[in-house]
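Undergrad: Dumping the structure here so I can ask a few things about it.
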Amino acid sequence: MDEAVIKIIMVLVFGIVAGAISNVVFNILYESIDNAIVSSGENVTGLLKAMKAIAGLLAYDGVSFAVGLITTIISAFKLKD
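Note that the sequence shown covers residues 86 to 166 in our numbering.
So this is what it looks like as structure tokens:
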């Protein structure tokens, strides 16, 4: 196989794995912030609400998959033989 084909396959496989891992991490982050908001009761700050909104966006909109895929593409093409 051509070296470029191998790198493309590697990027696809690692991209899917990286996307899945980052999605799980962002889901955990979202739940942690949500639990912090619930436990703080009336003292919920705007910062916690903003963090929850950002984590929710990253976890549920596929941005985490894109971040993982871009990172994998960059690292895969920087690999030396």
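Ideal Cβ placement from N, Cα and C applies to all residues, glycine included.
(1) So, at 8 Å on beta carbons, what are the nonlocal neighbours of leucine 133 in its own chain, with the 5 sequence-adjacent residues on each side left out?
(2) To the nearest angstrom, how far is it from the Cα of aspartate 166 to the Cα of isoleucine 101?
(3) Near alanine 140, what residues of its chain come up, given a Cβ to Cβ distance below 8 Å and the 5 sequence neighbours on each side ignored?
(4) Quick one, which of Phe99, Glu88, Ile91 and Ala89 has its alpha-carbon nearest isoleucine 155's?
TA: Considering the structure as presented:
(1) Reading the sequence shown from its first residue, position 48 is the one you call residue 133. Same-chain partners within the cutoff: Ile118, Ala121, Ile122 and Ser125.
(2) Stepping through the sequence shown from its first residue, residue 166 is reached at position 81. Stepping through the sequence shown from its first residue, residue 101 is reached at position 16. Only weak support is given to the placement of aspartate 166: the predicted model assigns it a pLDDT of 49, under 50, and the value that follows is read from those uncertain coordinates. Near 23 Å, if we compare the C-alpha coordinates of isoleucine 101 and aspartate 166.
(3) Counted from its first residue, the sequence shown places residue 140 at position 55. Closer than 8 Å at the Cβ level, and outside the excluded window around alanine 140, lie Phe111, Leu114, Tyr115 and Ile118.
(4) Your numbering for residue 155 matches position 70 in the sequence shown. It is Phe99.
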